[in-house]
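Under my numbering, the first residue of the sequence shown is numbered 1, with each subsequent residue one higher. Virtual Cβ for every residue (Gly too), placed ideally from N, Cα, C.
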Amino acid sequence: MPLVVALLIGITFVLSLTAAVLSRNGVRVLEHVVLSPPAVWHGQVWRLFTWQLFELDPINLIFACLMLYWFGRDLCVQWGTARFLAVYLGCAAIAGALTCVIGRFVWHEVGGQAFFGVWVVTDALTLAWAALYPDREIFLGFILPVSGKMLIWITVGGTILYAAFVGFSQFVPHLIAELLMLAYVSNPRLRLNRWRLGRLEHQRRSYLKSVARADREEDEHGPPSGKPPRWMN
1 MPLVVALLIG ITFVLSLTAA VLSRNGVRVL EHVVLSPPAV WHGQVWRLFT WQLFELDPIN
61 LIFACLMLYW FGRDLCVQWG TARFLAVYLG CAAIAGALTC VIGRFVWHEV GGQAFFGVWV
121 VTDALTLAWA ALYPDREIFL GFILPVSGKM LIWITVGGTI LYAAFVGFSQ FVPHLIAELL
181 MLAYVSNPRL RLNRWRLGRL EHQRRSYLKS VARADREEDE HGPPSGKPPR WMN
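Structure, rendered in structure tokens:
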């Protein structure tokens, strides 16, 4: 497991456990680290980088850490340590900043809420992994095999389904982070490079053709005397 992934899992687990214990004993540590749009507008910008490090539900915390381990190691190998960490922190910061903008100028109900939880960034990383490995399969719920392409639809659809039941105002950061990640991994320039590589590979393959069985006898007996070989491996 890459070191940066292990550190993120360890920091998230320790901070979440500490916050849960302190909150149960009357120490309101979350009030100073969650994403509160009014507090951010008053200059507490550190909240943009801390709100995704706390998860108070033990089941959500365990599964979020597992998903960070499963998907984070592949993304870290694909992107590199520095880029992975920048995407991880940047996704949360940008999603948080846009949530604050929406809460102040567009949807005041969003501005009156406090957001925290690791699932916002975890969902975004899931979409990144699924877009980079569309043909890989994972076992959803350890039972149902799902490809990367299908995982994108399941992640976005699941977020919308939860928002429909609970309230869309509570899932604004989730939806923003997912849209940001989909836009990031579907960079038109990257798609153009992939298309060019695919065309180049197709052109190379067009020059190849199968060798008839009769011609393969040259491999065993050599070409007829005085004649050059008709094919070469």
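Straight-line gap, Val48 to Leu75 (C-alpha atoms, nearest Å): For the sequence presented, residue 48 should be read as Leu rather than Val. Spanning the two alpha carbons is a distance of roughly 22 angstroms.
In angstroms with no decimal places, state the Cα-to-Cα distance between Trp46 and Arg136. 37 angstroms
Can you tell me where the beta strand (DSSP E) with Ile143 in it begins and where it stops? It is not in any beta strand (DSSP E) - Ile143 carries neither H nor E in the DSSP assignment.
Is the beta carbon of Cys100 closer than 7 angstroms to that of Pro37? yes
Assuming the contact rule is C-beta atoms closer than 8 angstroms, Leu132 and Val87 should be a hit. Round their C-beta distance to whole Å, please. In fact, because the Cβ distance is near 12 angstroms, the residues do not count as touching under 8 angstroms.
Just list the alpha helix (DSSP H) runs in the stretch 76 to 137, keeping only unbroken ones of 4 residues or longer that don't cross its boundaries, in chain order. 81 to 105, 108 to 111, 119 to 132
Specify the secondary structure class of Leu35 as computed by DSSP and reduced to three states. strand
Opening and closing residue of the alpha helix (DSSP H) in which Leu182 lies: 172 to 185
Secondary structure of Phe13, DSSP reduced to three states: helix
Per DSSP, which one or two residues make a beta bridge with Phe168? DSSP lists no partner for Phe168.
In this structure, does DSSP put Phe71 in helix, strand or coil? helix
Which same chain residues end up closer than 6 angstroms to Ala177 when comparing Cβ atoms and leaving out the 5 residues on each side of it in sequence? Cys91, Ala95, Val120, Ala124
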